[in-house]
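Student: Encoded as structure tokens, here's the structure I'll be asking about.
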Amino acid sequence: MSSRYHEVYESWQKDPEGFWAGAARDLVWSKPWDKVFDGAQGVYGRWFVGAECNTAYNCLDRHVFAGRASQPAMIYDSPVTDTKETFTYAELTDAVATLAAVLVKHGVKKGDRVILYMPMIPEAVIGMLACARIGAVHSVVFGGFAARELATRIDDCQPTMILSASCGIEPGRVVKYKPLLDEAIALSRHKPSTCLIHQRPMETATLVEGRDFDWAEAVAAAAAAGEKADCVPVAATDPLYILYTSGTTGQPKGVVRDNGGHMVALHWSMDGVYGIEPGEVYWAASDVGWVVGHSYIVYAPLLRGCTTILFEGKPVGTPDAGTFWRVIAEHKVSALFTAPTAFRAIKKEDPEGSFIGKYDLSHFRTLFLAGERADPDTIQWAEKMLKVPVLDHWWQTETGWAIAADPVGLGMLPVKYGSPTVPMPGYDVRVLDESHQPVEAGKMGAICVKLPLPPGCLPTLWNNDQRFRDSYLSEHPGHYATADAGYKDEDGYVYIMARTDDIINVAGHRLSTGGMEEVLASHPDVAECAVIGIADSMKGQVPAGFIVLKSGVTKDLAEIEREVIQLVREKIGPVAAFKLAITVGRLPKTRSGKILRGTMRAIADGETYKTPATIDDPAILDEITVALKERGIATAD
Numbered sequence: 001m002s003s004r005y006h007e008v009y010e011s012w013q014k015d016p017e018g019f020w021a022g023a024a025r026d027l028v029w030s031k032p033w034d035k036v037f038d039g040a041q042g043v044y045g046r047w048f049v050g051a052e053c054n055t056a057y058n059c060l061d062r063h064v065f066a067g068r069a070s071q072p073a074m075i076y077d078s079p080v081t082d083t084k085e086t087f088t089y090a091e092l093t094d095a096v097a098t099l100a101a102v103l104v105k106h107g108v109k110k111g112d113r114v115i116l117y118m119p120m121i122p123e124a125v126i127g128m129l130a131c132a133r134i135g136a137v138h139s140v141v142f143g144g145f146a147a148r149e150l151a152t153r154i155d156d157c158q159p160t161m162i163l164s165a166s167c168g169i170e171p172g173r174v175v176k177y178k179p180l181l182d183e184a185i186a187l188s189r190h191k192p193s194t195c196l197i198h199q200r201p202m203e204t205a206t207l208v209e210g211r212d213f214d215w216a217e218a219v220a221a222a223a224a225a226g227e228k229a230d231c232v233p234v235a236a237t238d239p240l241y242i243l244y245t246s247g248t249t250g251q252p253k254g255v256v257r258d259n260g261g262h263m264v265a266l267h268w269s270m271d272g273v274y275g276i277e278p279g280e281v282y283w284a285a286s287d288v289g290w291v292v293g294h295s296y297i298v299y300a301p302l303l304r305g306c307t308t309i310l311f312e313g314k315p316v317g318t319p320d321a322g323t324f325w326r327v328i329a330e331h332k333v334s335a336l337f338t339a340p341t342a343f344r345a346i347k348k349e350d351p352e353g354s355f356i357g358k359y360d361l362s363h364f365r366t367l368f369l370a371g372e373r374a375d376p377d378t379i380q381w382a383e384k385m386l387k388v389p390v391l392d393h394w395w396q397t398e399t400g401w402a403i404a405a406d407p408v409g410l411g412m413l414p415v416k417y418g419s420p421t422v423p424m425p426g427y428d429v430r431v432l433d434e435s436h437q438p439v440e441a442g443k444m445g446a447i448c449v450k451l452p453l454p455p456g457c458l459p460t461l462w463n464n465d466q467r468f469r470d471s472y473l474s475e476h477p478g479h480y481a482t483a484d485a486g487y488k489d490e491d492g493y494v495y496i497m498a499r500t501d502d503i504i505n506v507a508g509h510r511l512s513t514g515g516m517e518e519v520l521a522s523h524p525d526v527a528e529c530a531v532i533g534i535a536d537s538m539k540g541q542v543p544a545g546f547i548v549l550k551s552g553v554t555k556d557l558a559e560i561e562r563e564v565i566q567l568v569r570e571k572i573g574p575v576a577a578f579k580l581a582i583t584v585g586r587l588p589k590t591r592s593g594k595i596l597r598g599t600m601r602a603i604a605d606g607e608t609y610k611t612p613a614t615i616d617d618p619a620i621l622d623e624i625t626v627a628l629k630e631r632g633i634a635t636a637d
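Numbering (UniProt numbering), first residue to last: 1 to 637.
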């Protein structure tokens, strides 16, 4: 089958507004737009200005009215609790409308913020959609984040209500959420008026009188009274959600997603990028706390009229390395989207793919990987074992959907290992040098997107237009800076080679080394520190912290290292995977005092490197090399 990609991409280039207007006509609008795109609105322009819509209506009610009432909308599969539950479109619509009525009863109104601090359970999805139904703005905070991280988000978005649960379940342990929530509220300056707590059977949380309410009791009361909230029309440019990125311990960056452009882009992507038809089963093995969970567990599959899988488990250990194949076979999954880390874990546990043969995967067509660079070894192993196309694609929390992909719905292009393939319609991807000029094919540069960004991408940061400009638009005027470096080849394929800032990618989760350094520096014995991301065969990258102690410290070094590791775990959370702290006498710096993190990273990853001309004392690099070798880290000669 030949690809229509070039034809479709050129049609977008010739008439961007016509292209997106055509894509928008598949959805329901309570008021049509005055302009498809208005460059005078917002920071760089806004999509579907003047239109009104409701995202939850387009995800749910629309399909009920169109004859999908009895089709499964969501399948909850939880091997960690041995629970499975299916919600039809009619049942999910009813559950969302009922919870939305509870929110309204507790004073939540259009434009208010609601934080969700939830495990991977149906209530999390129902909560997100209930907010969307009444025009409230949800902000999901990953359940693995510590109390201080949650507190910074409470202070930034100032929620009227918090939706949470008594606990999350990890293999072999129960993670109590409620004490973390209570601590976060105690730490935050802003105090939400109401918390709705879902009590799970394995842990009963203590409720604070007057503030906390039992989720099940509140929903049961609303259902008994027949209370259901109607969909509230909102402006297409109104925010649907805020999702905080980078995991910093300082002021977080709240990525804003609007209603109109978001649903148009995601709906198009389910067909164009993933090649999924209404009624098919689609599985994004992620978490609702991350952007993949927002886009491809909750919104895109439901906008398309698909059945989405909500999976509470791990690729290995729940119970074995065959759990993904069981889910695919049992629920007749057409496409799986997950991080390369998941497949590296499966490959490590079952290198011969012995579990795959135990399951009927005849319905399974495509595996999509994203969240970090997909190494060729992992892609080729998956291709060999699954005998289906294995497609890397590249996007960010900020964009909400793929910048570059191999477009299944338009006809796949040849795979080039190491490349997420080509830019999608809407993205004019440029590789620029330091003087903002395009570089020639094959040459490294800063990967940028010429403005305007397409529908679905962030229009700004929450309450911080200036930080949005400073963070993304100022480095290369007229362009969105992805903070990734790489190149395009002569066929237009994009290659992502490195980060250009201090965000590292741990198992698909973007985390700030600067945020971790703040935590290390808070230890009373630490004089200065540096955190770098070093290559890891399982997680892509893991953080390594280098600490220089204050003079006169006599405490055992191993004890201090254990303390700073625990400190990061407490302040940022286990998601940081911070397990390596190394005490050194000094850090390599330039004469102006800048720490040479890139050189340290090259040493740790065993790459050849050139000693920077600006280094203060080259001998320090030998000390770093020795320290890494003592910890068993591969280093360059």
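Just so you know, even glycine gets a beta-carbon here, dropped at the ideal spot from N, CA and C. Fair warning: this is a prediction, and the values are worked out from it, not measured in the lab.
Suppose contacts are defined by Cβ-Cβ distances below 8 Å. Is ALA402 in contact with SER286 by that definition?
Tutor: To locate residue 402, count along the sequence shown from 1; it is residue 402. To locate residue 286, count along the sequence shown from 1; it is residue 286. No, they are not a contact pair.
Student: Which residues does DSSP pair with CYS195 in a beta bridge?
Tutor: Here the question's residue 195 lines up with position 195 in the sequence shown. For CYS195, which the question treats as bridged, DSSP gives the partners ILE162, ASP212.
Student: Can you confirm whether the stretch 14-34 touches the stretch 46-62 when touching is taken to mean that 3 or more C-beta pairs between the two stretches lie within less than 8 Å?
Tutor: A contact exists between the stretch 46-62 and the stretch 14-34.
Student: What number of angstroms, rounded off, separates the C-alpha of GLY305 from the C-alpha of TRP215?
Tutor: As a working note, residue 305 is residue 305 in the sequence shown. As a working note, residue 215 is residue 215 in the sequence shown. When rounded, the distance between both Cα atoms is 28 Å.
Student: According to DSSP, what are the bridge partners of TRP47?
Tutor: The residue given as residue 47 occupies position 47 in the sequence shown. PHE37, per the DSSP bridge assignment.
Student: In whole angstroms, what separates the C-alpha of ALA225 from that of TRP283?
Tutor: Position 225 of the sequence shown, counted from the start, is the residue given in the question as residue 225. Position 283 of the sequence shown, counted from the start, is the residue given in the question as residue 283. Looking at the two C-alpha atoms, the distance is approximately 35 Å.
Student: Where do the N-terminal and C-terminal ends of the alpha helix (DSSP H) with LEU103 fall, by residue?
Tutor: Counting from one through the sequence shown, the residue named residue 103 turns up at place 103. First-last of the alpha helix (DSSP H) with LEU103: 89-105.
Student: For GLN541, list the residues DSSP reports as bridge partners.
Tutor: Along the sequence shown, read from residue 1 onward, the residue named residue 541 stands at position 541. DSSP lists ALA535 as partners of GLN541.
Student: So LEU303 packs on ASN58, CB below 8 Å; how close in whole Å?
Tutor: Looking up residue 303 in the sequence shown gives position 303. Looking up residue 58 in the sequence shown gives position 58. Their Cβ separation, rounded to whole angstroms, is 6 Å, which keeps LEU303 and ASN58 in contact under 8 Å.
Student: When the distance is taken between beta carbons, is SER139 closer than 8 Å to TYR241?
Tutor: Position 241 of the sequence shown, counted from the first residue, corresponds to residue 241. Position 139 of the sequence shown, counted from the first residue, corresponds to residue 139. Contact: yes.
Student: Mind checking residue 657: buried by the 16 CB within 10 Å criterion, or exposed?
Tutor: With the chain covering only 1 through 637, there is no way to say anything about residue 657.
Student: Any idea which residues DSSP pairs SER78 with across the strands?
Tutor: Residue 78 sits at position 78 when you count from the first residue of the sequence shown. BP columns for SER78 point to THR83.
Student: I think LEU461 touches VAL175, with their Cβ atoms under 8 Å apart; what is that distance to the nearest whole Å?
Tutor: Translated into the one-based positions of the sequence shown, residue 461 becomes position 461. Translated into the one-based positions of the sequence shown, residue 175 becomes position 175. 29 Å between Cβ atoms; not a contact.
Student: Mapping DSSP to helix, strand and coil, what is ILE346?
Tutor: Taking the first residue of the sequence shown as position 1, residue 346 is located at position 346. Helix.
Student: Answer with buried or exposed for PHE65, where buried requires no fewer than 16 other C-beta atoms within 10 angstroms of its C-beta.
Tutor: By one-based count along the sequence shown, residue 65 stands at place 65. So PHE65 counts as exposed.
Student: Between the stretch 233-240 and the stretch 365-375, do three or more beta carbon pairs fall short of 8 Å?
Tutor: Flag = no, the stretch 233-240 and the stretch 365-375 do not touch.
Student: Nearest to TRP381 by CA position, among GLU149, GLU352, ASP605, is which residue?
Tutor: For the purposes of this step, residue 381 is taken as residue 381 along the sequence shown, with counting starting at 1. Of GLU149, GLU352, ASP605, the residue nearest in Cα terms is GLU352.
Student: Leaving aside the five residues before and after LYS228 along the sequence, list all residues of the same chain whose C-beta is less than 7 Å from its C-beta, in chain order.
Tutor: Within the sequence shown, residue 228 is the residue found at index 228, counting from 1. ALA97, THR98, ALA101.
Student: Report the option in ILE356, VAL8, GLY168 whose CA atom is closest to the CA atom of PRO179.
Tutor: Here the question's residue 179 lines up with position 179 in the sequence shown. Comparing Cα positions, the closest option is GLY168.
Student: What does a CB cutoff of less than 7 Å around HIS476 pick up in its chain, not counting 5 residues either side in sequence?
Tutor: In the sequence shown, counting from the first residue as 1, residue 476 sits at position 476. Contacts found: LEU432, HIS436, ALA446, CYS448.
Student: Across the stretch 479-491 and the stretch 151-158, are there enough close Cβ pairs to call them in contact, namely three or more that are closer than 8 Å?
Tutor: Too few Cβ pairs lie closer than 8 Å, so no.
Student: Identify the continuous beta strand (DSSP E) that holds GLY168 and give its terminal residues.
Tutor: Residue mapping note: residue 168 aligns to position 168 of the sequence shown, counting from 1. Here the beta strand (DSSP E) through GLY168 covers 167-170.
Student: Could you pull the start and end residues of the alpha helix (DSSP H) that TYR9 belongs to?
Tutor: Here the question's residue 9 lines up with position 9 in the sequence shown. Run containing TYR9: 5-14, per the alpha helix (DSSP H) assignment.
Student: Among ASP605, GLY279, ASP428, which has the Cα closest to the Cα of ALA69?
Tutor: Along the sequence shown, read from residue 1 onward, the residue named residue 69 stands at position 69. Checked all of ASP605, GLY279, ASP428; the closest Cα to ALA69 is GLY279.
Student: Going by Cα to Cα distance, which pick from THR625, SER295, ALA90, VAL43 is closest to TYR274?
Tutor: For the purposes of this step, residue 274 is taken as the residue at position 274 of the sequence shown. Minimum Cα distance to TYR274 is reached at SER295.
Student: Considering just the uninterrupted stretch of the beta strand (DSSP E) at PHE337, what are its terminal residues?
Tutor: To locate residue 337, count along the sequence shown from 1; it is residue 337. Note, PHE337: beta strand (DSSP E), 333-338.
Student: Which residues bound the beta strand (DSSP E) around PHE368?
Tutor: The residue you call residue 368 lines up with position 368 of the sequence shown. 366-369 is the span of the beta strand (DSSP E), which, as asked, contains PHE368.
Student: Kindly indicate the opening and closing residues of the beta strand (DSSP E) around PHE468.
Tutor: Within the sequence shown, the letter at position 468 stands for residue 468. No beta strand (DSSP E) holds PHE468; the alpha helix (DSSP H) holding it covers 465-468.
Student: Check the C-beta distance from LYS191 over to ILE197 and give it rounded, since I have them as a contact under 8 Å.
Tutor: Translated into the one-based positions of the sequence shown, residue 191 becomes position 191. Translated into the one-based positions of the sequence shown, residue 197 becomes position 197. LYS191 to ILE197, Cβ: 16 Å. No contact.
Student: In terms of alpha-carbon separation, which member of GLU630, TYR495, LYS84 lies closest to PRO376?
Tutor: Indexing the sequence shown from 1 puts residue 376 at position 376. Ranking GLU630, TYR495, LYS84 by Cα distance to PRO376 puts TYR495 first.
Student: I believe MET538 touches ALA345 by the beta-carbon criterion, under 8 Å. Please report the beta-carbon distance rounded to the nearest angstrom.
Tutor: As a working mapping, residue 538 is identified with position 538 in the sequence shown. As a working mapping, residue 345 is identified with position 345 in the sequence shown. Right, the Cβ-Cβ distance comes to about 6 Å (below 8 Å), so this counts as a contact.
Student: Contact check, ASP77 vs CYS231 under 8 Å by CB: the rounded distance?
Tutor: For the purposes of this step, residue 77 is taken as the residue at position 77 of the sequence shown. For the purposes of this step, residue 231 is taken as the residue at position 231 of the sequence shown. Going by Cβ atoms, the distance from ASP77 to CYS231 rounds to 28 Å, so no, they are not a contact pair.
Student: Would you be able to state if there are at least three C-beta pairs under 8 Å between the stretch 310-330 and the stretch 417-426?
Tutor: Result no; under three Cβ-Cβ pairs closer than 8 Å.
Student: Does VAL108 come out as helix, strand or coil in the three-state DSSP assignment?
Tutor: Here residue 108 refers to the residue found at position 108 when the sequence shown is read from its first residue. Of the three classes helix, strand and coil, the one that applies to VAL108 here is coil, per DSSP.
Student: Quick check: the Cα distance between SER166 and GLU203, rounded to an integer number of angstroms?
Tutor: For this step, residue 166 is matched to residue 166 along the sequence shown. For this step, residue 203 is matched to residue 203 along the sequence shown. Their Cα atoms are separated by approximately 6 Å.
Student: Taking all protein chains shown into account, do 16 or more other C-beta atoms lie within 10 angstroms of the C-beta of VAL575, making it buried, or fewer, making it exposed?
Tutor: Within the sequence shown, numbered from 1, the residue matching residue 575 stands at position 575. Classification for VAL575: buried.
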